[in-house]
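Top line first, the protein sequences correspond to chains P and Z.
Every number in the working numbering is 31 more than the matching position in the first sequence, counting from 1.
Every number in the working numbering is 31 more than the matching position in the second sequence, counting from 1.
Comments concern the structure below.
2 protein chains.
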Amino acid sequence: MTEETKILLSEKQIPEKWYNIQADLPVPLPPVLHPGTRKPIGPADLEALFPMELIKQEVSTEKWIDIPDEVREIYRLWRPSPLIRARRLEKALGTPAKIYYKYEGASPAGSHKLNTALAQAYYNKKEGVKRLSTETGAGQWGSALSIASSFFGLKCTVYMVKVSYDQKPYRKIMIQSFGAEVFASPSDKTAAGRKILAEMPDTSGSLGIAISEAVEDAAKHDDVKYALGSVLNHVLLHQTVIGLEAQKQMEIAGDYPDVVIGCVGGGSNFAGLAFPFVADKISGKAKNLRLVAVEPSACPTLTKGAYAYDFGDTVGLTPLIKMFTLGHTFVPPGIHAGGLRYHGMAPLVSHLHKLKLIEAVSYLQNPVFEAALLFAKSEGIIPAPEAAHAVKCAVDEAIAAKEAGDKNKTILFNLSGHGHFDMAAYDAYLSGKLKDVAFSDDEMRSALKSLPQI
Amino acid sequence: MTEETKILLSEKQIPEKWYNIQADLPVPLPPVLHPGTRKPIGPADLEALFPMELIKQEVSTEKWIDIPDEVREIYRLWRPSPLIRARRLEKALGTPAKIYYKYEGASPAGSHKLNTALAQAYYNKKEGVKRLSTETGAGQWGSALSIASSFFGLKCTVYMVKVSYDQKPYRKIMIQSFGAEVFASPSDKTAAGRKILAEMPDTSGSLGIAISEAVEDAAKHDDVKYALGSVLNHVLLHQTVIGLEAQKQMEIAGDYPDVVIGCVGGGSNFAGLAFPFVADKISGKAKNLRLVAVEPSACPTLTKGAYAYDFGDTVGLTPLIKMFTLGHTFVPPGIHAGGLRYHGMAPLVSHLHKLKLIEAVSYLQNPVFEAALLFAKSEGIIPAPEAAHAVKCAVDEAIAAKEAGDKNKTILFNLSGHGHFDMAAYDAYLSGKLKDVAFSDDEMRSALKSLPQI
């Protein structure tokens with residue numbers, strides 16, 4: 032048991048393997064289907080988009096997968112990330128609950144995204160790829176992939192959702208500073224982009240649209256592969272360094288969480304922290320552990336979506352995956368948590384939700400920013416709007432403990448990134464300009480209609 | 032000797048005392064003079080502006096001054112800050128030199144400024160002050176003081192140099208997020224601001240002007256005191272936690288620096304890292320140690336200024352201090368390292384330079400940003416433009432070692448802040464829009480004319 036505020040590990044304690052939850056699933060994942068034949072796909076179907084090593088990881092059921100030395104070496108720049116006891120927040124809330132957060136914002140990219148960006152850049156480089164093509168919502172993934180590409184000597188093209196491109200010029204410049212090229216999506220660089228621009232010239236864009244563009248770019252060029260910042264199994268796998276470190280750190284703190292919290296857009300930062308703990312729940316080590324995925328009410332995939340086969344992108348270029356979805360044609364409103372504006376959800380997170388191994392909750396924007404500023408004034412760090420959703424949930428759990436007189440509650444959440452590039456969102460909140468928009472029943476009906484018939 | 036990239040200390044190793052270099056000076060500091068009588072001032076002359084405890088620290092010759100528990104407790108949020116071996120930068124340069132940097136950008140404020148902001152807010156709170164008034168150049172000090180004020184329950188007013196207010200809206204919003212009010216300086220809120228606006232309606236402002244406004248605000252109100260982010264002895268004192276930690280960390284690394292580098296505007300981050308090492312030089316423990324202060328060629332106070340009595344502000348409200356100065360009426364060009372746009376220099380740094388215990392060098396903007404991007408692409412962190420001056424000097428020292436075939440050189444520099452709020456500067460650099468302006472002989476002649484006659 033330590034009295035330190037920040038629980039730090041040495042670089043030797045950076046995990047040597049990623050944890051693959053597919054090895055421990057009580058029911059295996061439903062197969063991914065080919066968009067044309069609607070039959071289960073094989074590795075060859077993905078070769079145009081991904082290097083073979085990542086395709087293998089995507090379907091692997093090995094419990095532990097080695098982290099390459101070259102990746103661990105760069106992890107050392109900021110990992111292990113700190114686990115921080117939020118004593119000042121506890122005091123501000125007057126809660127008897129203990130609140131811990133894993134801080135991924137200390138990475139050079141400012142978020143957890145670099146954990147997988149480095150791995151993906153490494154495997155691509157090793158298999159002779161020259162350029163990576165990707166999309167970015169809030170800009171955190173684009174920043175991470177541009178840094179990783181620069182470190183491994185790859186070119187990088189980023190299709191940035193238009194609303195973020197306009198709201199977050201600094202993210203764009205950061206991506207360019209590491210040598211990547213950035214286009215506002217939908218762009219005129221791809222057939223998918225041109226088609227959508229023709230139909231909806233004033234669209235604010237969406238992750239689904241940007242994915243269509245990035246996938247098309249990679250599919251069209253032999254030495255270009257596609258990199259995705261969330262959703263896929265291998266991406267979630269790489270993020271498990273977060274939870275594996277957190278488990279060691281909670282042990283040093285002499286605690287174990289009652290509830291583990293993360294925000295979800297595609298699902299990767301939640302999965303990264305939660306999956307190693309889900310393993311404890313499945314194995315019986317922590318039967319009563321709660322794992323909570325937090326999403327915006329404007330894009331409530333897990334809490335309101337259908338569990339069905341759908342495309343990962345808007346145009347319908349990707350394989351069909353079984354997931355919670357609001358329909359691949361849904362364009363979420365331009366809320367400030369751009370990283371959570373995705374119509375679908377990682378199949379692994381969806382599957383665990385269907386199996387009731389995890390739960391989900393959704394929040395409107397304004398109460399999320401209110402919690403974020405309370406956190407900032409207590410702990411000093413201004414959260415990214417995405418991570419602020421996890422903060423809000425942690426605050427609510429701590430208040431619930433206070434109200435219930437529960438003196439033994441331990442809360443752990445993932446502060447997946449800082450908000451240094453999101454100050455325009457805070458400005459909008461402080462000046463009362465943020466709109467609280469919830470997903471409507473009408474939207475749900477049209478979402479269900481858009482689902483492909485399987 | 033450790034092989035870790037990041038050399039970390041535990042929270043117990045946060046220094047318990049600040050190091051006061053006034054105790055070790057071979058020649059004492061020249062006295063500070065009253066702006067009216069031109070006689071040495073006493074504590075009573077400063078009471079309108081500062082709490083008594085800080086006035087005592089300003090003139091103390093005690094070698095060690097206790098850090099209050101309340102301040103150390105908040106330091107724990109991010110201190111001890113990491114000392115990082117820049118192995119990837121060394122490799123990129125092909126240098127045999129070892130490069131270490133102390134990273135102060137991991138603080139909630141994004142720079143070293145919070146080290147003194149917390150101490151100042153604490154002493155003011157303890158003495159019953161209700162509001163703090165201050166200036167900010169690049170916005171780093173304003174952010175730090177707004178966070179510290181929020182933590183200690185004080186109101187806070189920030190006069191932000193107009194060019195930074197316009198160039199860095201995100202810094203302004205960050206300051207507001209912590210509850211402080213921000214005005215572009217010169218403002219119409221003070222007599223000093225109105226006078227300058229009448230004379231130079233299009234001025235981009237300067238630290239000197241903003242100081243005049245903040246000082247006037249504090250002097251006019253009984254329960255308001257003034258807080259300065261650099262220059263003064265007590266401010267530099269509070270920053271010595273940086274160097275004291277770095278000494279312990281270098282010991283863990285099994286190394287001792289041959290050269291210690293920091294950028295200088297007012298002088299505080301340089302002093303914070305360097306002063307504990309200057310003590311080693313004075314005591315004879317490290318006779319050949321070099322300490323290098325790095326400034327912009329557009330505002331080259333130490334390398335081109337006069338060593339003379341001058342005002343700390345533009346209007347002439349402050350006491351007269353003996354320092355290197357470009358003249359209190361000098362308004363530096365709107366270069367992007369806003370924190371380095373100050374006509375004067377800390378009297379302690381000036382004194383050490385006069386005594387030849389430290390040296391100074393100046394650089395133009397473009398080569399500084401070039402070095403900053405090389406650093407970012409190697410180490411991942413985008414430096415603040417101010418800190419980038421220290422990066423440039425460290426890179427030059429490493430290249431010099433390579434060219435001289437010197438295999439035993441150890442370089443230590445202060446990376447005083449990150450550049451997340453300075454991306455507009457990187458945009459200007461990347462698009463070739465940054466102008467390289469050096470201080471001219473004409474400017475020097477008019478600077479000398481503006482000096483008060485003592």
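Even glycine gets a Cβ: it sits at the ideal position worked out from N, Cα and C.
Just so you know, these numbers come straight off a predicted model, no measurement behind them.
Return helix, strand or coil for residue i, following the three-state DSSP convention.
| i | result |
| --- | --- |
| alanine 418 (chain Z) | helix |
| leucine 443 (chain P) | strand |
| tryptophan 49 (chain P) | strand |
| leucine 348 (chain Z) | coil |
| valine 262 (chain P) | coil |
| threonine 271 (chain P) | helix |
| serine 481 (chain Z) | helix |
| threonine 332 (chain P) | helix |
| lysine 161 (chain Z) | coil |
| lysine 156 (chain Z) | helix |
| valine 426 (chain P) | helix |
| glutamate 474 (chain Z) | helix |
| alanine 317 (chain Z) | coil |
| aspartate 248 (chain P) | helix |
| aspartate 341 (chain P) | strand |
| methionine 354 (chain Z) | strand |
| glycine 448 (chain Z) | strand |
| glutamate 434 (chain Z) | helix |
| leucine 64 (chain P) | strand |
Thinking just about the alpha-carbon of each residue, which of the options is nearest to the one in residue i?
| i | options | result |
| --- | --- | --- |
| lysine 335 (chain P) | P:Thr126, P:Ser177 and P:Phe470 | P:Phe470 |
| glutamate 390 (chain Z) | Z:Lys70, Z:Ser180, Z:Val325 and Z:Glu244 | Z:Val325 |
| glycine 365 (chain P) | P:Gly293, P:Val468, P:Cys294 and P:His269 | P:Val468 |
| glutamate 434 (chain Z) | Z:Asp76, Z:Thr126, Z:Pro113 and Z:Pro99 | Z:Thr126 |
| aspartate 453 (chain P) | P:Ser195, P:Ile442, P:Tyr340 and P:Asp437 | P:Ser195 |
| isoleucine 105 (chain P) | P:Ile96, P:Glu158 and P:Glu42 | P:Glu42 |
Do residue j and residue i come within 7 Å of each other at the CB atom, strictly closer than that value?
| i | j | result |
| --- | --- | --- |
| leucine 322 (chain P) | alanine 305 (chain P) | yes |
| asparagine 445 (chain Z) | asparagine 300 (chain Z) | yes |
| glycine 168 (chain Z) | glycine 370 (chain Z) | yes |
| isoleucine 178 (chain P) | glycine 411 (chain Z) | yes |
| asparagine 485 (chain Z) | glycine 450 (chain Z) | The sequence given here has isoleucine at residue 485 (chain Z), not asparagine. Going by C-beta atoms, isoleucine 485 (chain Z) is not nearer than 7 Å to glycine 450 (chain Z). |
| leucine 461 (chain P) | glutamine 396 (chain P) | no |
| isoleucine 45 (chain P) | arginine 110 (chain P) | yes |
| isoleucine 130 (chain Z) | alanine 418 (chain Z) | no |
| tyrosine 338 (chain Z) | phenylalanine 361 (chain Z) | no |
| tyrosine 50 (chain Z) | threonine 271 (chain Z) | yes |
| aspartate 344 (chain Z) | glycine 239 (chain Z) | yes |
| leucine 267 (chain P) | leucine 379 (chain P) | yes |
| histidine 420 (chain P) | tyrosine 457 (chain P) | no |
| leucine 85 (chain P) | histidine 265 (chain P) | yes |
| phenylalanine 342 (chain P) | threonine 332 (chain P) | no |
| alanine 215 (chain P) | lysine 193 (chain P) | yes |
| histidine 382 (chain Z) | leucine 64 (chain Z) | no |
| valine 422 (chain P) | phenylalanine 406 (chain P) | yes |
| glycine 296 (chain P) | tyrosine 373 (chain P) | yes |
| proline 398 (chain Z) | alanine 368 (chain Z) | no |
| proline 74 (chain Z) | tyrosine 153 (chain Z) | no |
| serine 164 (chain Z) | alanine 245 (chain Z) | yes |
| alanine 377 (chain Z) | glycine 298 (chain Z) | yes |
| alanine 478 (chain P) | glycine 375 (chain P) | no |
Using a Cβ cut-off of 9 Å, pull out every chain C residue sitting near residue i, in sequence order please.
| i | result |
| --- | --- |
| aspartate 458 (chain Z) | The structure shown has no chain C; the protein chains it does contain are P and Z. |
Legend entry - Whole runs of the beta strand (DSSP E) within the segment 364–418 of chain P, excluding any shorter than 3 residues: 390–394
Inset, instruction - Please list the segments of the beta strand (DSSP E) lying wholly inside the segment 71–152 of chain P, counting only runs of 3 or more residues, in order along the chain. - result: 95–97, 114–116 and 129–134
Inset, instruction - Pair every Cβ in the segment 36–45 of chain P with every Cβ in the segment 107–122 of chain P, then say whether three or more of these pairs are closer than 8 Å. - result: yes
Inset, instruction - Could you say if the segment 75–88 of chain Z and the segment 251–262 of chain Z meet the contact criterion of at least three C-beta pairs nearer than 8 Å? - result: yes
Legend entry - Within the segment 180–226 of chain P, ranges of the beta strand (DSSP E) (whole runs, at least 3 residues): Annotation note: the segment 180–226 of chain P contains the following uninterrupted beta strand (DSSP E) runs of length 3 or greater, listed N- to C-terminal: 186–192 and 212–216.
Inset, instruction - Please determine if the segment 347–354 of chain P and the segment 307–319 of chain P are in contact, where contact requires at least 3 C-beta pairs separated by less than 8 Å. - result: no
Inset, instruction - Examine the Cβ distances between the segment 266–284 of chain P and the segment 61–78 of chain P and report whether three or more of them are shorter than 8 Å. - result: no
Inset, instruction - Could you pull out every unbroken beta strand (DSSP E) segment of at least 3 residues lying fully inside the segment 277–312 of chain P, listed in chain order? - result: 290–294
Inset, instruction - Would you check if the segment 287–296 of chain Z and the segment 192–201 of chain Z touch, i.e. whether three or more CB-CB distances between them fall below 8 Å? - result: no
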